[in-house]
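Trainee: Every number in this note's numbering is 22 more than the matching position in the sequence shown, counting from 1.
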Amino acid sequence: MAFGAYDGFVANASTALEATATVVSTCTSGAAALITMNAGASAGSGSADAPVRRMTAGAEKYLVYQVYSDVARGTVWGNTSPTGVALTGTGVSQTLTAYGSVPAAQPAAQGVYSDQLSVTITY
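Take a look at the structure:
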């Protein structure tokens, strides 16, 4: 997921920066599957249900963001059964959309921010 440039003082002072990414899975036809995402490599404190995800640009430089399973960005895509995305395998590729958001008005230092999430498919 590539968010692009973030400016917490002007362009994103009152508007979140949003992006999307795809998760592609191929599961056995009829198999129940659960797709979960961990909190990321730079996570803040929080639960697996609603992890505090952060991108980093080095020591003590963080930019909070979140990944959601719905277009309204209301349901955090987490690392547990209640917050994962359930699906039934079809035997062919299925594509899900992950919806990301970097909240407005974060006074982040200039830099290139990144994070790495792990996606797990359990079936």
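Where a beta carbon is used, it is the ideal one built from N, C-alpha and C, also for glycine.
Pull the bridge partners of Q116 from the DSSP assignment, please.
Mentor: Here residue 116 refers to the residue found at position 94 when the sequence shown is read from its first residue. Per DSSP, S47.
Trainee: What are the start and end residues of each continuous alpha helix (DSSP H) run of 4 or more residues lying completely inside the region 49-90, in chain order?
Mentor: Runs of the alpha helix (DSSP H) lying entirely within the region 49-90, each at least 4 residues long, are absent.
Trainee: Measuring CB to CB, does S67 end up less than 8 Å from Y84?
Mentor: On the sequence shown, residue 67 is found 45 positions in, with the first residue counted as 1. On the sequence shown, residue 84 is found 62 positions in, with the first residue counted as 1. Contact annotation: S67 and Y84 have beta-carbon atoms that are not nearer than 8 Å.
Trainee: For S91, collect the residues of the same chain with a Cβ closer than 6 Å to its Cβ; drop the 5 residues on either side in sequence, then sort them by chain order.
Mentor: Locating residue 91 in the sequence shown gives position 69, counting from the first residue. So the list reads T97, W99, V107, once near-sequence residues are dropped.
Trainee: Taking V147 as part of the beta strand (DSSP E), name the residues at either end of that continuous run.
Mentor: Outside the modelled stretch of the chain, which goes from 23 to 145, sits residue 147, for which no answer is possible.
Trainee: Assuming T144 is part of the beta strand (DSSP E), what are its boundary residues?
Mentor: Within the sequence shown, numbered from 1, the residue matching residue 144 stands at position 122. Its beta strand (DSSP E) spans residues 141-144.
Trainee: So, using beta-carbon positions, are N163 and L139 closer together than 8 Å?
Mentor: Any question about residue 163 goes unanswered here, given that the chain covers just 23 to 145.
Trainee: What residue does the beta strand (DSSP E) around V107 start on, and which one ends it?
Mentor: On the sequence shown, residue 107 is found 85 positions in, with the first residue counted as 1. Its beta strand (DSSP E) spans residues 107-110.
Trainee: Using the DSSP secondary-structure output, state which residues sit across from S136 in a beta bridge.
Mentor: Walking along the sequence shown from the start, residue 136 turns up at place 114. The partner list for S136 (beta bridge, DSSP) reads T78.
Trainee: Do V124 and Y28 have their C-beta atoms within less than 8 Å of each other?
Mentor: Walking along the sequence shown from the start, residue 124 turns up at place 102. Walking along the sequence shown from the start, residue 28 turns up at place 6. Yes, the Cβ-Cβ distance between V124 and Y28 is below 8 Å.
Trainee: Assign P73 to buried or exposed, taking buried as 16 or more other Cβ atoms, counted over all protein chains shown, within 10 Å of its Cβ.
Mentor: Start at 1 with the first residue of the sequence shown, and residue 73 comes out as number 51. Classification of P73: buried, given that the 10 Å Cβ count is 16 or more.
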